[in-house]
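Chains as they are written, first to last, in my numbering: chain A, 564 to 597; chain B, 235 to 527.
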């Protein structure tokens, strides 16, 4: 597997994870879990 | 403010992610095909442990992968089609769910289909169905399918007869199985038995099977028509210097028009010998050789 392919795929994965984390933070920051 | 920053970040991340995907697809266009051919875990025992009890769900996923692999290869424009993952995928599917009837039955059809429409591995089809029998010994369909693979693809009529007999011995088996066994033993590859078998498959609840059965029945009809046409063609030899042709036969009023095969394509005639065959454009090609007289 070429390294460029790995970098692009990993970058895509990281960005996608970042999107999910930001959305989750947004949603759960408004909740009161007490 | 926090929310707007977050939304901006989400849009920016998604945009960059899409851009990366597009760049990857452009730069490594041929690469996805190679990665699709990889099956990371081949051991059914290992997969069973890895899926943490979600066996049936994982079996469905592997079954979908098997269908995609088969269909993708079959429709690919590459000449040398490679169905190497088909059997391992089916093996994993049936190991995860030993009662997955469709996987055994369809899998056997995929495996035994000759190249380029399939891998042409009837022995793997039989092995898969025998796994099905080990899981459900009273399911007559598996025995019937082994008989069918032996009959149609391996052309071992003795083995086909034995498997039809075993299928007929199962509880709840239909009554037409025993005559099938008898006709395998007595006549070998005869068109009447083939018609009966395909006629049964034509009543299947799977559309793909019905289509295959309808095509096979048309092939058998085409062979019958060729047998009827050849004596007509040979009845009168062509005049010296003239070749065999449909026009000449129509002029002599031996035929009313150019005969069509069951798919609607005109039959071809050999100008030198008068032999009748399917036209190259006919969707019924290739005809089953064992059925020729």
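No residue lacks a Cβ here, since even glycine has one placed at the ideal position from N, Cα and C.
Here the structure is a predicted model, which is why all the values come from computation and not from measurement.
4 or more residues per run - each alpha helix (DSSP H) lying fully within the stretch 247-310 of chain B
As far as the stretch 247-310 of chain B is concerned, its whole alpha helix (DSSP H) runs of at least 4 residues are 265-270, 278-284, 289-309.
Rounded to whole angstroms, what's the CA-CA distance from residue 590(A) to residue 579(A)? Just pull it up for me.
The alpha-carbon atoms of residue 590(A) and residue 579(A) are separated by roughly 17 angstroms.
Who are residue 511(B)'s beta bridge partners in DSSP?
Beta-bridge partners assigned by DSSP to residue 511(B): 502(B).
Give the residues of chain B in contact with residue 581(A), contact being defined as C-beta atoms less than 7 angstroms apart.
Within 7 angstroms of the CB of residue 581(A), the CB atoms of chain B belong to 247, in sequence order along the chain.
For a contact defined as C-beta to C-beta under 9 angstroms, what are the partners of residue 244(B) on chain A?
The contact set of residue 244(B) on chain A, defined by CB atoms closer than 9 angstroms, consists of 581, 582, 585, 586, 589 in chain order.
Would you say residue 273(B) faces chain A, with C-beta separation under 8 angstroms as the test?
Cβ-Cβ to chain A under 8 angstroms: no for residue 273(B).
For residue 349(B), count the other beta carbons within 10 Å of its own beta carbon; 16 or more makes it buried, fewer makes it exposed. Which is it?
Counting the other CB atoms within 10 Å of its CB gives residue 349(B) a total below 16, which places it among the exposed residues.
Residues of its chain near residue 321(B), where Cβ-Cβ distance is below 6 angstroms and the 5 sequence neighbours each way are ignored:
Excluding its 5 nearest sequence neighbours in each direction, residue 321(B) has C-beta neighbours in its own chain below 6 angstroms: 358, listed in chain order.
Answer with buried or exposed for residue 501(B), where buried requires no fewer than 16 other C-beta atoms within 10 angstroms of its C-beta.
Buried, since its Cβ has 16 or more Cβ neighbours within 10 Å.
What do you reckon, are the CB atoms on residue 284(B) and residue 300(B) nearer than 8 angstroms?
Cβ atoms of residue 284(B) and residue 300(B): not closer than 8 angstroms.
Is DSSP giving residue 320(B) helix, strand or coil here?
In the structure shown, the three-state DSSP call for residue 320(B) is helix.
Step through the CB atoms of chain A and report whether any lies within less than 8 angstroms of the CB of residue 262(B).
Output row for residue 262(B): interface = yes.
Suppose only complete runs of 4+ residues qualify. What are the alpha helix (DSSP H) ranges in the stretch 402-488 of chain B, listed by chain order?
Runs of the alpha helix (DSSP H) lying entirely within the stretch 402-488 of chain B and spanning at least 4 residues, in chain order: 411-421, 425-435, 441-469, 480-485.
Cβ atoms of residue 353(B) and residue 376(B): under 8 angstroms apart, would you say?
Going by beta carbons, residue 376(B) and residue 353(B) fall outside the 8 angstroms limit.
On the DSSP bridge list, what partners appear for residue 578(A)?
Answer is none; residue 578(A) lacks a bridge partner.
C-beta contact flag for residue 414(B) and residue 436(B) at 8 angstroms
Not a contact, by the Cβ cut-off of 8 angstroms.
What is the DSSP secondary structure of residue 586(A), counted as helix, strand or coil?
Helix at residue 586(A).
In chain A, which residues lie less than 7 angstroms from residue 507(B) when you measure between Cβ atoms?
Within chain A, no residue has its CB atom less than 7 angstroms from the CB of residue 507(B), the nearest being about 57 angstroms off.
For residue 373(B), is the classification buried or exposed, using 16 other Cβ atoms within 10 angstroms of its Cβ as the cut-off for buried?
By the neighbour-count rule (16 or more Cβ atoms within 10 Å), residue 373(B) is buried.
Report yes if the C-beta distance between residue 327(B) and residue 296(B) is below 8 angstroms; otherwise report no.
Result yes, Cβ atoms of residue 327(B) and residue 296(B) sit closer than 8 angstroms.
Taking contact to mean at least 3 C-beta pairs separated by less than 8 angstroms, is the stretch 243-257 of chain B in contact with the stretch 273-284 of chain B?
With the cut-off at 8 angstroms, the stretch 243-257 of chain B and the stretch 273-284 of chain B do not touch.
Which residue from 471(B), 444(B), 511(B) puts its Cα closest to that of residue 340(B)?
Nearest in C-alpha terms to residue 340(B), of all of 471(B), 444(B), 511(B), is 444(B).
Please determine if the stretch 440-454 of chain B and the stretch 390-403 of chain B are in contact, where contact requires at least 3 C-beta pairs separated by less than 8 angstroms.
The stretch 440-454 of chain B, when compared against the stretch 390-403 of chain B, does not touch it at the 8 angstroms Cβ threshold.
Can you find a CB in chain A that lies within less than 8 angstroms of the CB of residue 257(B)?
Yes, residue 257(B) lies at the interface with chain A (some Cβ there is under 8 angstroms from its Cβ).
Assign residue 494(B) to one of three DSSP states: helix, strand, or coil.
The answer is strand: DSSP assigns residue 494(B) an E or B state.
Rounded distance between the beta-carbons of residue 493(B) and residue 463(B), thought under 8 angstroms:
With a Cβ gap of about 6 angstroms, residue 463(B) and residue 493(B) count as contacting.
My output table needs one value for residue 336(B): the three-state DSSP class, helix, strand or coil.
Helix at residue 336(B).
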